[in-house]
Structures are given as structure tokens and as C-alpha cells.
């Protein structure tokens with residue numbers, strides 16, 4: 036009976052998550068976005084990796100050779116450990132995710148200018164079509180603000196960057212918030228009609244006022260909750276960066292761990308460590324304090340109730 040009630044509460048929370056920004060108490064409409072608690076998706080597009088695609092260019096020659104000879108072993112392993120999300124982009128938006136980690140690349144030897152998302156291999160989904168889907172979701176959710184962090188850009192030359200930036204401006208238009216915007220609060224953004232903060236981690240962005248620089252991402256690079264949380268606590272003691280920043284709750288393993296755990300996957304690892312991470316997460320708080328957090332990004336945001344917990348942290352500002 037009790038657990039049924041708890042699940043009902045979580046489901047109820049998820050229904051509200053779709054419009055969580057517009058549902059925040061009015062007192063929080065004037066708090067800078069950099070002082071709010073915002074749920075994020077690490078490697079947001081890895082739910083649609085194409086297991087038959089080539090490896091991305093930055094993979095080592097040794098691994099490429101191994102993959103060529105033993106693909107029946109390497110591919111299932113890549114798929115298990117490179118998949119960080121199971122919900123598609125619209126489901127993530129609906130669940131309350133407002134920060135998206137997007138890794139973008141152009142396939143080697145591809146004569147078209149089509150761009151894909153990546154994590155070791157490429158996705159089935161193409162970048163432009165996905166972002167058009169995001170733009171149309173924003174049309175029907177005019178008070179929700181999202182942060183898109185575009186990075187990696189493997190295989191993009193200057194010409195491809197310029198074409199992509201032109202496409203971004205065309206897709207989001209007047210929804211793009213310029214980086215010189217002084218007041219970044221929900222109320223000010225609603226008044227201006229801005230809905231997208233677009234961070235572009237490449238020097239090509241410098242001359243485009245609509246694009247923001249890279250957003251710092253605190254990445255522990257650890258395989259278990261204890262080491263991950265130790266790293267984040269250490270970072271908190273150093274004080275928060277100015278502006279937006281991301282605390283990554285994502286675990287990372289090396290190839291040695293992967294080969295010695297053939298039955299595990301990133302999802303099983305995330306679930307095994309979740310209770311420990313959850314306890315820590317519930318104790319965090321947003322705000323302007325040096326130890327406050329801002330964007331909190333994780334893996335498997337459907338199977339774990341990351342969004343509801345992160346959104347609820349904003350109540351501590353009241």
C-alpha cells in the first residue's frame with residue numbers, strides 16, 4: 036500500500052515536470068537561472084546509437100583494428116557501455132530535462148553534410164531533424180527554457196561549422212538568448228521570448244552573439260558512487276564557477292572493467308549505485324552560495340527519478 040502511494044506521488048511529479056519552470060512559485064521567477072537547480076541529460080542522444088555505424092574518428096587505431104576483427108564481441112560491449120539514456124529527446128523534455136549534452140560529428144567519408152550525434156559510434160538520429168523536433172516542442176511549451184550544450188564536433192571543418200550555425204539560427208530564430216543578456220531569470224526570459232541558451236564549444240562561435248561559450252562540466256571519471264561523490268564534494272569546496280555549470284552524476288569505467296564484467300552494462304552500474312547517489316542528491320541545494328549546485332546531469336533519467344529530485348531542490352530557495 037505504502038509503496039503504491041509513493042509511486043503515485045512520483046508519477047504525479049512526472050506529470051508536473053513537463054511544465055515545471057512555469058509551475059515554480061512566483062518568488063523563484065526572479066532568481067537567476069544559474070542559481071536554480073536544473074536537471075540535465077548526460078550524452079542525451081545515446082538512446083539511438085547505430086550499432087552498425089563506424090567508430091568515431093578519435094578512437095585509437097588499436098581499438099579500430101580490434102573492432103574490425105572481433106566486432107561480434109566489441110559491438111555489443113560498445114552498445115552496453117556507450118548507451119547512457121533510454122528515453123528519446125521528447126520523453127526527456129517531458130520528464131523535465133532542461134540541459135542536454137549533445138556531441139556532434141560528421142562521419143568520415145560521408146559525401147553529404149549530414150551531422151550525427153556520437154558516443155564511441157554514431158546515432159541513427161540526425162542533428163538537424165532532432166533539433167527541429169526540440170524547437171516544435173518549445174512552441175507548445177512557451178515558458179520552458181532549455182540549455183543545449185553542443186560539443187566535440189568531430190570531423191567538422193570551418194565550412195561545416197558555419198553551415199551548422201546558420202541552421203541553428205534558422206531552427207531556433209528569436210528563441211535564442213544572446214550571450215550578452217544581463218538578466219537571466221525566468222521572468223526576464225519569458226518577457227523577451229527567449230527559450231534557448233545554446234552553448235557551442237568551438238572557436239567558430241566567438242563571432243556569433245547568439246552562441247554561448249562552453250559550460251563547465253564537473254566530471255569525476257569514477258566507476259562507483261563513493262568516488263564520484265567524493266570528487267563532487269571536493270569540487271564544491273573549491274567554490275562554484277561563475278555562470279552556468281554542470282555537476283555530472285555519471286559513472287565512468289575503463290576497458291579493463293568492461294572486459295572483466297561481461298554481464299554488466301552502464302545501466303546496471305547506474306542502478307546499483309543509485310541509492311547512494313540519491314541520498315547525496317537530496318541533500319544538495321541550489322543558490323548563490325559557493326557550495327551550491329546549478330545543473331545536475333545524469334544517466335538513465337527515465338529509470339531513475341533524477342528530474343523530480345533535482346526540480347524539488349528549488350523549494351529550498353523559498
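Residue numbers (the working numbering): 36 to 353. All C-beta atoms, glycine included, are put in the ideal place defined by N, C-alpha and C. Please read all numbers here as calculations on a predicted model, not as lab measurements.
- Between residue 267 and the rest of its own chain, which residues show a CB-CB distance below 7 angstroms, the 5 nearest in sequence each way excluded? 253, 255 and 282
- How many angstroms separate the CA atom of residue 63 from the CA atom of residue 304? 35 angstroms
- Residues in its own chain within less than 8 angstroms of residue 325 by CB, not counting five upstream and five downstream? 271, 274 and 275
- Query: Can you find a CB in chain E that lies within less than 8 angstroms of the CB of residue 57?
  - Reply: No chain E appears in this structure, which consists of one protein chain only.
- residue 345 burial status per 10 Å Cβ neighbour count (16 or more: buried): buried
- Task: Would you please state the rounded distance, in angstroms, between the beta carbons of residue 310 and residue 77? I believe it to be under 8 angstroms.
- Result: Not a contact, Cβ separation roughly 19 angstroms.
- If we ignore side chains and look at the alpha-carbon of each, how far apart do residue 247 and residue 236 end up? 8 angstroms
- Message: Among 167, 140 and 158, whose alpha-carbon lies nearest the alpha-carbon of residue 196?
- Response: 140
- Counted within 10 angstroms of its Cβ, other Cβ atoms place residue 105 as buried (16 or more) or exposed: exposed
- Taking only the alpha-carbon atoms, compute the straight-line gap between residue 137 and residue 61 and give it to the nearest angstrom. 31 angstroms
- Query: So, helix, strand or coil for residue 212, using DSSP?
  - Reply: coil
- Task: Give me the Cα-Cα distance between residue 292 and residue 347, rounded to the nearest whole angstrom.
- Result: 35 angstroms
- Item | Ranges of the beta strand (DSSP E) found wholly within the segment 259-324, counting only runs of at least 3 | 281-283
- Message: Let me check one thing: in DSSP terms, what residues is residue 74 bridge-paired to?
- Response: 331
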